[in-house]
Amino acid sequence: MEALIASTLAVALAEIGDKTQLLSLFLAARFANRWGILAGITVATLINHGLSAWLGAWAAGWMPDGVMKWVVALSFMAIAVWVLIPDRDSEGESPMLRYGAFLAATVLFFIAEIGDKTQVATVVLAARFDAAVEMVIIGTTLGMLIANAPVVWAGAWLMSRLPLHWTRRAAFVLFLLFGVAALVAW
């Protein structure tokens, strides 16, 4: 249960103001099919974060505990700093848009998540909770949906009212605490 809660909270906070939230806003402006967008986000996240989580669990399996503790702790602390840096919207239109809300959201979200801080966080969370990889995958997917579903449904209205600087700071503190907890509780 700890893995599920930590993963959900970590990704939900880290996702605020992220480029994939901007992508959600763009897709919602482009397509009326909100359920198709959310289904695409779900599928893309399950695949991307599933692969990432298994990579993290695999790394935890072959790395000595003493080394892994420091890798996980320092990774959480690096992500803490990373979430303070705002993402920028990508330029240009994707040819995927002509295939509809579901396929466009699936492909674009999968690509946008490659190398993203929430993907890196998923690897680190899975390394930390390697006995509960499935809970990490479910948690990171829920976190992605918690952060992006309101954007898909309420779009520009919501984005104009979110205090992004405070959500980034909250995510910073959360990841910093995860790093300290990894050192203390390992």
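Each residue of the sequence shown is one higher than the last, beginning at -11 in this note's numbering.
All C-beta atoms in this analysis are idealised placements derived from N, C-alpha and C, irrespective of residue type, glycine included.
Remember, predicted model here, so these are calculated numbers, not experimental data.
Neighbour-count burial assignment, residue i, 16 or more Cβ in a 10 Å radius
i              : result
alanine 119    : exposed
methionine 56  : buried
valine 112     : buried
alanine 2      : buried
methionine 230 : Coverage of the chain is limited to positions -11 through 174, which leaves residue 230 absent and any answer about it impossible.
alanine 170    : buried
alanine 159    : buried
leucine 72     : exposed
Backbone CA spacing between residue i and residue j [nearest angstrom]
i              : j                : result
glutamate 101  : tryptophan 145   : 24 angstroms
tryptophan 154 : glutamate 122    : 30 angstroms
tryptophan 70  : valine -1        : 13 angstroms
alanine 61     : glycine 54       : 11 angstroms
asparagine 136 : phenylalanine 64 : 22 angstroms
valine 161     : alanine -6       : 13 angstroms
tryptophan 141 : proline 52       : 45 angstroms
aspartate 6    : leucine 13       : 11 angstroms
tyrosine 87    : valine 139       : 21 angstroms
leucine 164    : glycine 103      : 20 angstroms
threonine 106  : valine 168       : 19 angstroms
arginine 149   : valine 108       : 28 angstroms
arginine 22    : isoleucine 126   : 21 angstroms
glycine 143    : arginine 156     : 19 angstroms
alanine 66     : leucine 130      : 23 angstroms
Same chain, Cβ closer than 6 angstroms to residue i, neighbours up to 5 away in sequence not counted
i             : result
alanine 27    : Phe90
alanine 48    : Met56, Ala115 and Asp118
alanine 173   : none
threonine 110 : His37, Ser40, Ala41 and Thr128
valine 175    : A query on residue 175 cannot be resolved here, the shown segment of the chain reaching from -11 to 174 and no further.
alanine 93    : Leu15, Ile25, Gly28 and Ile29
leucine 44    : For the record, residue 44 in the displayed sequence is glycine; it is not leucine. The answer, listed in chain order, is Val111, Ala114 and Ala115.
Helix, strand or coil at residue i according to DSSP, with G and I counted as helix
i              : result
alanine 169    : helix
proline 52     : coil
arginine 177   : Summary: the structure shown does not reach residue 177, with the chain confined to residues -11 through 174, and so no result is reported for it.
asparagine 21  : coil
glycine 5      : coil
glycine 103    : coil
isoleucine 126 : helix
Nonlocal neighbours in the same chain, by C-beta distance under 8 angstroms from residue i, ignoring five residues either side
i                : result
phenylalanine 97 : Thr8, Leu11, Gly28, Ile29, Ala32, Thr33 and Asn36
tryptophan 58    : Leu171
methionine -11   : Met123
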